[in-house]
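K.L.:
This is the structure I have questions about; it appears just below.
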């Protein structure tokens, strides 16, 4: 899935064109260094394929076939990425800088955080919608206000809700044609973000940053699908968008797109570092919460949707947590997915 992209300089994307990708969503290069068996690596690669089939609502044959339109679409997409000229590149939410500053401040007060959220009516509406969704609501009580949400969820709980609320409008389906993809990619994104956050908590690191970074791949996915749709409309108006072409676009350009979004949104350098560490970790690096969160989030969302996924044994081998931590993280993720299944 992921593309090599040098983020030592955030503006590097304006100077170099993206190189062909050899790394993957479930980063086999890093896992191979830990002595994981070849059969486990193969299973992780297969998991990526199962994810594409589910997101695109297509069979393996459909997502893997060769299309005569592939070369034209991918070349145009690469040109737009190279020039940072994606027409569907999401704009930075206006409140995001102030919100991120508050979310990163461990000493932020409830009143200060509420003031930032209430200063943006759109964010206020989205936050209440997200906070009342089965993914996040702590019980049956309806959350009526921002202050109520902060009181019930606490500062730590509201951090992930606010991050999800800021990104949710960009993930909402625009047409009936993308409705199923948008719904599934949002569910997948929340699963990966939540798993990354929980794993970061287990490791005592920056959980809020990993939640937001964990959402960026799903935002990159819907951005790329919309960009491919635009290319079809302008250059192949008589053709129907093909699952295999969308898969190739996601497979080759999503990590690059996530980095462009992070750059255009002026996310802090550590966010770029988290993305890069999951994409191309050094052979001696530890497992990262983002990479392991993507593995666990992908496996559990597919399992919950009754799709082909990974065995319990493979999942435990791929994510090196002690049994108690593994079970706690997985239990919380499964609870979110079960509750979220009630949402439309």
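In the working numbering, the protein residues as written are 281 to 624. All residues carry an ideal CB built from backbone N, CA and C; glycine is no exception.
#1: Can at least three beta-carbon pairs, one atom from the stretch 462 to 469 and one from the stretch 552 to 560, be found at a separation below 8 Å?
#2: Looking only at its chain, what residues have a beta carbon closer than 6 Å to the beta carbon of residue 481, apart from the 5 residues adjacent to it on each side?
#3: Leaving out the 5 sequence neighbours to the left and right, which residues in its chain are closer than 7 Å to residue 430 when beta-carbon positions are compared?
#4: If you draw a straight line from the alpha carbon of residue 448 to that of residue 337, how long is it in whole angstroms?
#5: Rounded to whole angstroms, what is the Cα-Cα separation between residue 456 and residue 602?
#6: Report the three-state DSSP secondary structure of residue 509 (helix, strand or coil).
#7: Which parts of the stretch 446 to 512 are runs of the alpha helix (DSSP H), unbroken and 4 residues or longer, counting only runs that do not cross its ends?
#8: Rounded to the nearest angstrom, what separates residue 600 and residue 520 at their Cα positions?
#9: Can you tell me which of the three DSSP states residue 393 falls into?
#10: Specify the secondary structure class of residue 425 as computed by DSSP and reduced to three states.
#11: State yes or no: is the C-beta of residue 424 nearer than 6 Å to some heavy atom of the ligand GDP?
#12: Verify whether the separation of the beta carbon atoms of residue 475 and residue 491 is less than 7 Å.
#13: Is the beta carbon of residue 530 less than 7 Å from the beta carbon of residue 612?
#14: Can you tell me whether residue 357 is helix, strand or coil according to DSSP?
#15: For residue 356, collect the residues of the same chain with a Cβ closer than 7 Å to its Cβ; drop the 5 residues on either side in sequence, then sort them by chain order.
#16: My output table needs one value for residue 592: the three-state DSSP class, helix, strand or coil.
#17: Can you check which of these residues, 596, 571, 618, 604, is closest to residue 630 by C-alpha distance?
#18: Rank 501, 408, 433, 483 by C-alpha distance to the C-alpha of residue 453 and give the top, closest one.
#19: Buried or exposed for residue 319, please, with buried defined as at least 16 other CB atoms from any protein chain shown within 10 angstroms of its CB.
#20: Please confirm if the stretch 337 to 352 is in contact with the stretch 417 to 433, defined as three or more CB-CB distances below 8 Å between the two stretches.
#21: Could you please give the first and the last residue of the uninterrupted alpha helix (DSSP H) stretch that includes residue 535?
#22: Let me make sure I understand the geometry here. Which of 518, 580, 374, 419 has the alpha-carbon closest to that of residue 445?
#23: Excluding the five sequence neighbours on either side, which residues of its own chain have a C-beta within less than 7 Å of the C-beta of residue 416, listed in chain order?
P.N.:
With the structure as the only source:
#1: no
#2: 487
#3: 390, 393, 394, 438
#4: 22 Å
#5: 44 Å
#6: helix
#7: 459 to 482
#8: 43 Å
#9: helix
#10: coil
#11: Only the bare structure without any ligand can be found here, which leaves the ligand GDP out of the picture.
#12: no
#13: no
#14: helix
#15: 511, 515
#16: helix
#17: Missing from the structure shown is residue 630; the chain here goes from 281 to 624 and no further.
#18: 501
#19: exposed
#20: no
#21: 523 to 544
#22: 374
#23: 410, 441
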